[in-house]
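One structure is given here, and the rest of the page talks about it.
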Amino acid sequence: MGDGIRYAYQEKSNISLRELKLSIIGVCAGAFSAALGVGGAAIVIPALLFFCKYRPSTAVGTSLAAIMPATAVGFLTHLYIAPSHLQFSLAIYTFFWAAAGTFLGAYVTKKMSSNTLTVLFGILLFLVGIQMLGVVRIPINPVSPSSFTLFFAIIGFFAGVSSALFGIGGGAILVPSLILGAGFTEYEAIATSLAIIAPTTAVGFWQHRRLGNVITPDLPWLIPASFVGAVSGAFLANTLPQDVLRISFALFIIACALKLFYEQTKSTIRRKVLHTHRKPKEEMATLHIQ
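Be aware that the sequence shown starts at 301, since it is given in my numbering, and climbs by one per residue.
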């Protein structure tokens, strides 16, 4: 009887600890998303994998459930606090190009290996990050307003493709592109990026739920926490100096680049190890046949 009571107590404690972890992840996802204008997948997915023992597919699907309300609330909070920061017509236009890019990205992932593309994208993110930090000075002149139509089509399409190919949301592309290429302030870039990401995330969540990649029982802990984090993050973004936001986002995309390099290196090593173990077995099978 004593063992049974002790086991029940341990199980109850584990459940409470899991709920606490999910709530903290939700708050961090919401705050990070609303403060920097990104989806937050770079935080949520690793956290679910490491702290909650998710499988990769369910981590991606469930993370969208936390990110979706966070981006929506973050966008609405930015709209309430400073509506002048949002370039709404450009956001709608860019969203349609981003949606088209996701279809191409999904098609490419089925037809070809993305190893080289992953490395190139990581290099691009790293260069943009150090440019925003001021470590290096690459001369970049913002495009003229007359070229905005083409520019926003290109960055929207590329953001959609990169999201489908590399698993990194469009915010990592959109925010620095809006700042460096379109001459937006940090506040304008973050608010406009959230307006583009919010509907894109909703589409992704719907697709993953159809595939069974969403852990529904965890949503009551993730979603309310992400709401709280998103509101606080949006207020924080409109309070902090622009330099703080710029440096924070630069560090974020550099971290994304390093994560891509790490995952690519780990995948390459795993393939080489499997090939090394498989080769002796194939040679032994050949000898037996002879």
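Backbone N, C-alpha and C define an ideal beta-carbon position, used for all residues, glycine too.
Given a length threshold of 4 residues, each whole run of the alpha helix (DSSP H) inside the stretch 345-393 is given here in chain order: 356-381. By the criterion of a C-beta distance shorter than 7 Å, L474 is surrounded in its chain by I455, A459, S493 and I496, once the five residues flanking it on both sides are discounted.
Less than 7 Å separates the beta-carbon of T377 from that of A534. Sequence-distant partners of A334 (beyond 5 residues in either direction) whose C-beta falls short of 6 Å from its own C-beta, in its chain, are G374, A530, G533 and A534.
E319 and A555 have their C-alpha atoms spaced approximately 27 Å apart. Straight-line spacing of the CA atoms in V514 and A365 works out to 8 Å. The three-state secondary structure of L540, taken from DSSP, is coil.
The DSSP-derived three-state label of P442 is coil. Following the DSSP letters along the chain, one finds V503 inside the alpha helix (DSSP H) bounded by residues E486 to R510. Contact check between the stretch 347-366 and the stretch 507-527: three or more CB pairs, one atom from each, fall below 8 Å, which counts as touching. With contacts defined as CB atoms closer than 7 Å, F395 and P499 qualify as a contacting pair. In summary, I325 is buried, with 16 or more beta-carbon neighbours lying within 10 Å of its beta-carbon over all protein chains present.
Per DSSP, the unbroken alpha helix (DSSP H) holding S477 starts and ends at G471 to L480. DSSP places I515 outside both helix and strand once states are collapsed to three, so it counts as coil.
Under the three-state reduction of DSSP output, G326 falls in the helix class. Between I553 and L425 the beta-carbon gap is near 5 Å, inside 8 Å, which marks them as a contact. Under the criterion of beta carbons closer than 8 Å, I523 and P383 do not qualify as touching, at roughly 26 Å. The Cβ-Cβ distance between G504 and V461 does not fall below 7 Å. With at least 16 other beta carbons inside 10 angstroms of its own, V338 counts as buried. Assigned with DSSP and collapsed to three states, V338 falls in coil, not helix or strand. In this structure G434 is exposed. Its beta-carbon is surrounded by fewer than 16 other beta-carbon atoms within 10 angstroms. I490 sits buried, since 16 or more C-beta atoms from the chains shown fall within 10 Å of its C-beta. Rounded to whole angstroms, V327 and V344 show a C-alpha spacing of 10 Å.
Secondary structure at G434: coil, using DSSP grouped into helix, strand and coil.
Around the beta-carbon of L390, 16 or more other beta-carbon atoms lie within 10 Å, marking it buried.
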